[in-house]
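Let me begin by presenting the structure, written as structure tokens, before commenting on it.
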Amino acid sequence: MGNGRWSATDWSAYARTVTAGKSKAEIFTSRGMKPDYDPSRFRLRESRDSADNPQSTPIILASDVTGSMGMIAEKIMRDGLNTLATEIYARRPVPDPHIMIAAVGDAECDRAPLQVTQFEADIRVARQARELWLEGGGGGNRGESYSIAQLFAALKVSADAIERRGKKGYLFTIGDEPNLDGMTRAQIERYLGVTLERDLSAAEILQMARKNWEVFHVVLVNEGYCRYGRDEVLATWRALLPERTIELQSVDALTLSGNVRYSGSYFSDDDNLSASFVESYTVANTRIAYDLRDNLQLYGYVNNLFDEDAVTYMRASRAVVGGYEATLVEPRMIGIGLKMTF
4 MGNGRWSATD
14 WSAYARTVTA
24 GKSKAEIFTS
34 RGMKPDYDPS
44 RFRLRESRDS
54 ADNPQSTPII
64 LASDVTGSMG
74 MIAEKIMRDG
84 LNTLATEIYA
94 RRPVPDPHIM
104 IAAVGDAECD
114 RAPLQVTQFE
124 ADIRVARQAR
134 ELWLEGGGGG
144 NRGESYSIAQ
154 LFAALKVSAD
164 AIERRGKKGY
174 LFTIGDEPNL
184 DGMTRAQIER
194 YLGVTLERDL
204 SAAEILQMAR
214 KNWEVFHVVL
224 VNEGYCRYGR
234 DEVLATWRAL
244 LPERTIELQS
254 VDALTLSGNV
264 RYSGSYFSDD
274 DNLSASFVES
284 YTVANTRIAY
294 DLRDNLQLYG
304 YVNNLFDEDA
314 VTYMRASRAV
324 VGGYEATLVE
334 PRMIGIGLKM
344 TF
């Protein structure tokens, strides 16, 4: 799936008729999980290259929809999805985005702990997201089954970016609770339709997902469970994703952006000697900003997000006869700052 391209005009027309002036209950009208979005009922979700999207990039946004967390889905439907798609096309941190929206719950007590749309590149993803069931369940078990989205990505996604070009997809889970420690065999078979030999821990599931996916988790630190149990929530996530757990103070005040720089292979001397050959490489940078007030912004950035150590240039050594010296990509750099406008 994933034909077509995102259009601001399509979104505007859709928003006028679907979300403008509507309550959450009027936007999300499903009162049960639709079979089309039940992962146990299909073999795979596919992200395929096409004439419209020749370098497709699969992106999964998996939002907690238990309790009050349905507000995340509402935010995505009101403006978040359009902002995300528009920013990706404008800034091109990745090429040709194929977006899937997933609704995450609790595999220990919910009827629908995971629902997933198709991968889509146009307004169809919004239409499908609206049909997801905001079950609003969850239990008193001090956590949610965020791992189910990671296991789904590992076992039930087929993507040209991964299989044909060796590029990883991007998976973001979003919520306010600790991550339940994995899934039982019975849960995996019931909710994903996959038969495994044993239970899997959260760490094992994450390891499976990270083989083909760049995995991140966004913690809503001032919402729901996390408002009173922040230390507990962050402890569970930092143990799993120490450098990829993002603390979000407010859904409305956040801006996330980034860019990707690609350099093709080349010879760094005029004679095209094999010793001067430089392999192609890609460097990703990301920036997250939070508006403290109208004229004051707190920001953080990570340059060389994945700590790429590629060679960027080769030249003959001045110290060793016949030797070469290499210039490398700058190592990962993490920083924060304040920006004030007058």
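At the far end of the sequence shown sits residue 345, using my numbering, and the numbering has no gaps.
Backbone N, C-alpha and C fix where the C-beta goes; we use that ideal spot for every residue, glycine too.
Model, not experiment: these values are computed from the prediction.
**Request:** Please list, in chain order, all residues of the same chain as Pro42 whose beta carbon is under 7 Å from its beta carbon, the five residues on each side excluded.
**Result:** What you label residue 42 is simply residue 39 of the sequence shown in a count that begins at 1. If we look at Pro42 and ignore the five residues flanking it on each side, its Cβ neighbours are Leu117, Val119, Phe155, Lys159, Tyr194, Leu195, Gly196.
**Request:** Using the DSSP secondary-structure output, state which residues sit across from Tyr265 in a beta bridge.
**Result:** Here residue 265 refers to the residue found at position 262 when the sequence shown is read from its first residue. Beta-bridge pairing links Tyr265 to Thr285.
**Asked** With DSSP run on the structure shown, which of helix, strand or coil describes Asn144?
**Response** For the purposes of this step, residue 144 is identified with residue 141 of the sequence shown, where counting begins at 1. Looking at Asn144 - three-state DSSP - the assignment turns out to be coil, as it is neither helix nor strand.
**Leu174 versus Asp273 - alpha carbon distance** = Within the sequence shown, residue 174 is the residue found at index 171, counting from 1. Within the sequence shown, residue 273 is the residue found at index 270, counting from 1. Distance between the alpha carbons of Leu174 and Asp273 is about 42 Å.
**Contact check, Ala199 vs Arg188, beta carbons under 7 Å** = By 1-based counting over the sequence shown, the position of residue 199 is 196. By 1-based counting over the sequence shown, the position of residue 188 is 185. In the sequence on display, residue 199 carries Leu and not Ala. Contact annotation: Leu199 and Arg188 have beta-carbon atoms nearer than 7 Å.
**Request:** Let me know if Ile423 comes out buried or exposed under the rule of 16 or more other beta-carbons within 10 Å of its beta-carbon.
**Result:** There is no way to answer for residue 423, as the model of the chain reaches only from 4 to 345.
**Message:** Could you check whether His101 and Ser161 sit closer than 7 Å to each other, using their CB atoms as the reference points?
**Reply:** Residue numbering aside, residue 161 sits at position 158 when the sequence shown is read from its first letter. Residue numbering aside, residue 101 sits at position 98 when the sequence shown is read from its first letter. Against a cut-off of 7 Å, the Cβ pair of His101 and Ser161 comes out as no contact.
**Request:** Return the chain-ordered list of same chain residues with a C-beta closer than 8 Å to the C-beta of Asp125, the five sequence neighbours on each side being excluded.
**Result:** Taking the first residue of the sequence shown as position 1, residue 125 is located at position 122. These residues qualify, in order along the chain: Asn6, Gly7, Arg8, Trp9, Ser10, Asp13.
**Asked** Are Gly335 and Asp310 close, meaning C-beta to C-beta below 7 Å?
**Response** For the purposes of this step, residue 335 is taken as residue 332 along the sequence shown, with counting starting at 1. For the purposes of this step, residue 310 is taken as residue 307 along the sequence shown, with counting starting at 1. Per the sequence shown, residue 335 should be read as Arg rather than Gly. Yes.
**Item:** Three-state class that DSSP yields for Val197 in the structure shown
**Value:** The sequence position of residue 197 within the sequence shown is 194, counting from 1. Three-state DSSP puts Val197 in coil, outside helix and strand.
**Request:** Quickly, what does DSSP pair Asn182 with across the bridge? List them, please.
**Result:** Taking the first residue of the sequence shown as position 1, residue 182 is located at position 179. Answer is Glu147.
**Item:** beta strand (DSSP E) segments (min. 3 residues) lying fully within the segment 39-111
**Value:** Fully contained in the segment 39-111 are the following beta strand (DSSP E) runs of length 3 or more, in chain order: 48-50, 60-67, 100-107.
**Prompt:** Is it right to say Arg48 is buried, meaning 16 or more other beta carbons lie within 10 angstroms of its own, or is it exposed?
**Reply:** Here residue 48 corresponds to residue number 45 of the sequence shown, with the count starting at 1. With 16 or more other Cβ atoms within 10 Å, it is buried.
**Message:** My output table needs one value for Phe155: the three-state DSSP class, helix, strand or coil.
**Reply:** Taking the sequence shown and counting its residues from 1, one reaches residue 155 at position 152. Under the three-state reduction of DSSP, Phe155 is assigned to helix.
**Prompt:** How many Å lie between Val224 and Gly178 at the Cα?
**Reply:** Locating residue 224 in the sequence shown gives position 221, where the first residue counts as 1. Locating residue 178 in the sequence shown gives position 175, where the first residue counts as 1. CA-to-CA, the gap between Val224 and Gly178 works out to about 9 Å.
**Asked** Based on Cα-Cα distance, which residue from Glu328, Lys78, Ser320, Glu123 lies nearest to Lys27?
**Response** The sequence position of residue 27 within the sequence shown is 24, counting from 1. When each option's Cα is compared against that of Lys27, the closest is Lys78.
**Message:** Using a Cβ-Cβ cutoff of less than 6 Å, which residues in the same chain neighbour Tyr265 once the five nearest sequence positions on both sides are dropped?
**Reply:** Here residue 265 refers to the residue found at position 262 of the sequence shown. So the qualifying residues of the chain are Thr285.
**Through-space distance from Arg230 to Ser53, alpha-carbon basis** = What you label residue 53 is simply residue 50 of the sequence shown in a count that begins at 1. What you label residue 230 is simply residue 227 of the sequence shown in a count that begins at 1. Looking at the two C-alpha atoms, the distance is approximately 44 Å.
**Asked** Exposed or buried, Glu123, counting other C-beta atoms within 10 Å across all chains shown (16 or more means buried)?
**Response** Your numbering for residue 123 matches position 120 in the sequence shown. Under this definition Glu123 is a buried residue.
**Request:** Could you have a look at Ile177 and say whether DSSP puts it in helix, strand or coil?
**Result:** Position 174 of the sequence shown, counted from the first residue, corresponds to residue 177. Here Ile177 sits in strand by DSSP.
**Asked** With DSSP run on the structure shown, which of helix, strand or coil describes Ile165?
**Response** Within the sequence shown, residue 165 is the residue found at index 162, counting from 1. It is helical.
**Asked** Grouping DSSP H, G and I as helix and E and B as strand, with all else coil, what is Ile209?
**Response** For the purposes of this step, residue 209 is taken as residue 206 along the sequence shown, with counting starting at 1. Checking the displayed sequence, the identity of residue 209 turns out to be Leu instead of Ile. Of the three classes helix, strand and coil, the one that applies to Leu209 here is helix, per DSSP.
**Message:** Quick check on Thr20: buried or exposed, where buried means 16 or more other Cβ atoms within 10 Å of its Cβ?
**Reply:** Your numbering for residue 20 matches position 17 in the sequence shown. Exposed, because fewer than 16 other Cβ atoms sit within 10 Å of the Cβ of Thr20.
**Message:** For Asn306, list the residues DSSP reports as bridge partners.
**Reply:** The residue you call residue 306 lines up with position 303 of the sequence shown. BP columns for Asn306 point to Met336.
**Prompt:** In angstroms, rounded to a whole number, what distance separates the CA positions of Glu111 and Arg34?
**Reply:** Start at 1 with the first residue of the sequence shown, and residue 111 comes out as number 108. Start at 1 with the first residue of the sequence shown, and residue 34 comes out as number 31. Between the alpha carbons of Glu111 and Arg34 lies a gap of roughly 20 Å.
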